[in-house]
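Position one of the sequence shown corresponds to residue 0 (numbering that gives the first Met the number 0), numbered consecutively onward. Cβ coordinates follow ideal geometry from the N, Cα and C atoms, glycine included. In this text the structure is predicted, and so the values were computed from the model without any measurement. Beneath this line is the structure, given in structure tokens, with notes to follow.
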Amino acid sequence: MAKQLEMFAQLDNSEDKRDVPPIPTQLDQLIDLDPDGPEPEEGSAYIALLKGAIPSDDNVLKDYIEIVGPRMQKEYMLRAAKGSSIEKYAHNADQSMLTHVLNGVFPTLQIVRESEVDLSDIEKQIYLIAYTLHDLDKLVNVQRLSVADANRKREFYGYLDEWVERLHFDNFCPEYNTYREDISYLILNTQVKYGADLNPQNFDRQLPGNRHEFLKRMCRFSDLIAYFMKNPASFLERPDISESLTHLSRGKLVFTYHKVSENRGMLTNVINNAVLAEMRDNFGWKPFLFFPTGVTYLRSRNLDDKALPTGDDIAEIVVEKLKTYCASRLEQNLNGFTRGGKGFKYADYYDAFFQPHDMLRLIQKGCFKILRQNKAPSAGKRLVKLQQLQMEGKIPEDISLDFEDDLRVDQLAEYLVEVEKLLGKFASRESVASEILAYLDLQEWHGVFTSIPSQGGVPLPWYFIAGKYLLRNRGKDENDMRDLFEEVTEHVTQVFAEAIQNQPQLDSFAALRNYVKRTIDINGHQHIHQDFQAELVRYTNTKKIGRGSDKGCSLCSSDFQTQESSETDVIFAPQVYSNKNPINSGRVRRGICQLCQMEMMLRQILIRSRWNLVGAGYESVKIKWLYLYPSYFFTPETSKIIGKAYQNLKSLNFFDVRRKLHRGSAATDLVELDEFIIDTETPDTEKENLLKMDFSENDLATFYFCGIPTLGTRPTDTESWAMPTFLAFLSTLAFNAKVVVTESQVPLYHSAEEFKETVVLNAPHPFVTHILQKDRLRIDEIEKSLEKLSAIYDLNIDAFRDGAKPQWQHLNSVSGNIETDPLYVFHYLDVFRRKNKWDSFPKPRNGEIFIPERYLQFYETLGGDKMSLIEGIAQRCFNFYGPDSFNANSILKVIALVENVIINSEPTIDPIDLKWEARGEVHNLMQRVRSSRAQGFARLLQREESTAIEALVNYFYDEVFMKDYKGQRAILRTRRNRLNAGINAWYQANWQQFRKQKNEEATDANN
Ligand SMILES: [Zn+2]
């Protein structure tokens, strides 16, 4: 490992990195630290996007989202419909009530719409209310709701009315009271389990019976589909779902699907998109449910039976889609074009997407992009080198080496060598070079050109030629240069056209074709089958040593051929994640299979990053990948929201969250924190730090993920997990989806079917488990976790921030200490106070919470259970003693005295004597206070005081020292500062209650 790090350190400083946009080391550039920054808008980004995602002509649905949506989000988003940490339900995968409702409503209404079933507005309203409240028993936590007798009926309608009001259904449907019994009939019959309430006589209904039957089917279908559709073909195992579809669509629609057997991230998205477009556009299948591993469609029963595409057809479609995506991105972004010490270079994968002519034009573009006007030329350095060679006698003496140190020399030289290299694959490099020289009318230098050695890969001969050419053709501006390149390109490609044509075409995508054929299943037509024979051969080869050995892929366990990756491919560092690298092999890079290479290439091309994160650059930002999974699918509507939210996703600035929390936003407002990561518009790509997929708006992905880099100079592992951890929790809220955060570029799970939790943090830094106690969290644990993280992060910033730098590297010690003893919260409050050189805490401004008050909340959030002890001490102390200021010494004067007496006493002392001694000391202090020899106030009359002092001393000795500190003086000594800081904070937040008391007494005394 040490050796690897050393290598990266070298790479870091190598000349290769020179022209790469530097990763910022000043966090100040990245964080807007403006306490008076614009107030974020109220309301949630999710609901705003939802409004835009539903069919524009459905007014009932529009009202539902606008009126009920925001309420539902608050009440339903973190409430479990399925799963949760509760043992009874834990075997089910998590699904929030919000998802359970939306994933029932949207598909059902789509079927009704597609099959042109008549549904009046009031019927649609009744359905929406009934299905949204069909889990009323869970909402009110009462089993077996019923209307079978008068008492139970009253109870049921009480609950129903309460929830109708809570979700604003009375606004949504002003006729609610008229149709209340129709609704309750549906609620009690959505699930078959209620059974007994099927008796329609128990309901005074307004709609005719046959309409009820249809609405009941809608409700039941919604419930079935939301819960049982866990993969694109789940309906095959549930005949009741297919039957319901037949009924609801009046026989018009059937289900179809396409499915892939695994999920590799980007590659799987490309495959899914290609197949989806094909089935939708050429077969008329309507996308219905989106899974990471495929799509369920609705197909019209009366569509002609067209033969489904074969495996070869699909493979071709996928390859074409992939080429289109990549070629257009590459043309636009010129990914992987860099200038290293030896010259200009570009990634190998370009050859797979471009014919020689197009490639040359791209290199031209790259040349002018990389070798820009304001860059320093290398021509001068190359000239010195040439002169050196001349002195060594390697270049004839009579040749004048006098070209200029000019960027145009660089551009031309670097371009020409690329032309030579590229066309040299089709004809000999010598012939290509001669042709170029002839075209530039520089044949006279041919001899010198061939005699100059290309030292260490630096194209010195071409620098010589370019220099000579520009000496002869002075005064060319950039446009002239571009024209020249264009002419050279046209000329040479024409000359070598035949050679290019005759070259047999290499299929760069053979492995991909093979893979697609093996993994895709369209409606059972293409059967997925694993190639067990190939797998066995590969496995056997991994055991071989030497020739014919194949170590297998270090990332996945596929049976595809592996080869060592080159640095331009490596946008991540496999050795960090792999445990399969042989020990002492001395190999930094190890083999990865063709598919993982394809995936890496796709991430390089299709994932946008403002930083050039190749090789070591990638390593240094310690990327975490955040993968979003639906629970258990996205509908066309929700996937549109996810797509939009993903595009508008921006880096989280924790200072914004902090500002909101300081204004007293409670945990119930957490759902609104999504505005901190979802912008109202697509963020400026030039300024965005996240690594995001670059799909067009029309091409929705089926699986969303992004990379979170850690910025700053040499970030620690602690820092690298700080934002990704917080984002994981925030993202489940923003996307209403399940989230996995990992360092692995291979998705940990193919689909949401494979894990039950809502948030999975894969092998996070230990600070995360100090705070959360676990790294896999169920839906009912999200809110508490977010509160805890917010508290620790907020506290970390208070205590350790350096200007705009949050200094997350302290999170580990902070969370470790607080886990050991939550009273450490107050220790950090003290650190914060001292750091600011405050004598007492400043008055809150702009409606912010008073600082000590905030820390008392932190203490409880973070598991502190000694609040009653602190209160017990404080109440008894400030009952008789009034500090003269908010300075900690003055507040803690009496308590410190009692503690000192106990700590300094002999362990063998009789407790009665010890208490006497403590009371005496406090009494003396109060005497000095009374005679103004010590600062402070006496709050009680002298005769009342001694009883009060005794109460304090007894409480402290019995409850604090003996019970809590087990009578150990050493424990009291080491922990007293934290305890005292807690008492101080409590007093700061509660002092007014004592003043009031005193005033009342003063009034009493006067009367
Ligand atoms: Zn692999």
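Which term fits V274, buried or exposed, when burial requires 16 or more other beta carbons within 10 angstroms of its beta carbon?
-> Result: buried.
Rounded straight-line distance, which links the Cα of R300 to that of E242 = 14 Å
Could you tell me which residues DSSP puts in a beta bridge with L297?
-> DSSP lists F254 and K285 as partners of L297.
Would you check whether ligand 1 has a heavy atom nearer than 7 Å to the C-beta of S55?
-> no
From L307, Q454 and Q856, residue whose alpha carbon lies closest to that of A790 | Q856
Would you check whether ligand 3 has a heavy atom nearer than 7 Å to the C-beta of L594?
-> With respect to ligand 3, the structure shown offers nothing to examine, as its ligands consist of ligand 1.
For the stretch 743-790, list the alpha helix (DSSP H) runs that are entirely contained and at least 4 residues long, ordered along the chain.
-> 765-771
Could you check if P460 is buried or exposed, using at least 16 other CB atoms within 10 Å of its CB as the buried criterion?
-> buried
To the nearest angstrom, how far is it from the Cα of T245 to the Cα of L297?
-> 11 Å
Note down the Cα distance separating A1086 from N652, rounded to an integer number of angstroms.
-> With the chain covering 0 to 1006 only, the question about residue 1086 has no answer from this structure.
Do you know how far the Cα of S84 is from the Cα of V19?
-> Confidence is the limiting factor: at V19 the pLDDT is only 35, short of 50, which leaves the residue's position unreliable and the question unanswerable from this model.
Taking DSSP as the reference, what is the three-state secondary structure of V739?
-> strand
Just to confirm, does S557 get its C-beta within under 7 Å of one of the non-hydrogen atoms of ligand 1?
-> S557: yes, Cβ under 7 Å from ligand 1.
Return yes when the Cβ of D673 is within less than 8 Å of the Cβ of A1043, no when it is not.
-> The chain is shown only over 0 to 1006; residue 1043 falls outside these bounds and no answer can be derived.
Beta strand (DSSP E) runs contained entirely in the stretch 77-116, provided each spans 3 or more residues = 79-81
Using the C-alpha atoms, what's the distance from Y158 back to W985?
-> 40 Å
Take G981 and list the residues in its own chain whose beta-carbon comes closer than 6 Å to its own, dropping the five residues that flank it on each side.
-> L822, F825 and I869
Put M692 into one of helix, strand or coil per three-state DSSP.
-> In the structure shown, M692 sits in a strand (DSSP, three-state: E or B).
T337 by DSSP, collapsed to three states: which one?
-> The answer is strand: DSSP assigns T337 an E or B state.
Rounded to a whole number of angstroms, what is the C-alpha to C-alpha distance between I121 and K251?
-> Spanning the two alpha carbons is a distance of roughly 24 Å.
Are the stretch 919-928 and the stretch 884-898 touching, with three or more C-beta to C-beta distances below 8 Å?
-> yes
Within its chain, find whatever has a CB closer than 8 Å to the CB of R328; leave out the 5 residues flanking it on each side and keep chain order.
-> N334, I604, L605 and D693
Give the DSSP bridge partners of D520, in chain order.
-> Residue pairing of D520 in beta bridges, as defined by DSSP: K258.
Going by other Cβ atoms of all chains shown within 10 Å of its Cβ, with 16 needed for buried, is L732 buried or exposed?
-> Burial check for L732: the Cβ neighbour count within 10 Å reaches 16 or more, so the residue is buried.
Helix or strand or just coil, what does DSSP make of G157?
-> helix
Is A52 helix, strand or coil by DSSP?
-> helix
Tell me, which residues are paired with G881 by DSSP?
-> F936
May I ask whether a heavy atom of ligand 1 can be found less than 7 Å away from the beta carbon of I224?
-> It does not: the Cβ of I224 is nowhere closer than 7 Å to a heavy atom of ligand 1.
Span separating the alpha-carbon of N201 from that of V163 = The alpha-carbon atoms of N201 and V163 are separated by roughly 21 Å.
Per DSSP, cross-strand counterpart(s) of G919 = The partner list for G919 (beta bridge, DSSP) is empty, contrary to what the question assumes.
Identify every residue that forms a DSSP beta bridge with Y345.
-> Residue pairing by DSSP places Y345 in no beta bridge whatsoever.
When we look at the beta-carbon of Q28 and count the other beta-carbons within 10 Å, is it buried (16 or more) or exposed?
-> For Q28, the predicted structure reports a pLDDT of 34, less than 50, and the residue's modelled location is therefore unreliable. A value from the coordinates is still provided. Exposed.
Can you tell me which of G663, A736 and N281 puts its alpha carbon nearest to the alpha carbon of E786?
-> G663
Residues that DSSP places opposite C325 in a beta bridge = None; C325 has no bridge partner.
Same chain, Cβ closer than 7 Å to R219, five either side skipped, listed in chain order | The answer, listed in chain order, is T189 and S243.
I796 vs R657 beta-carbon contact at 8 Å = yes
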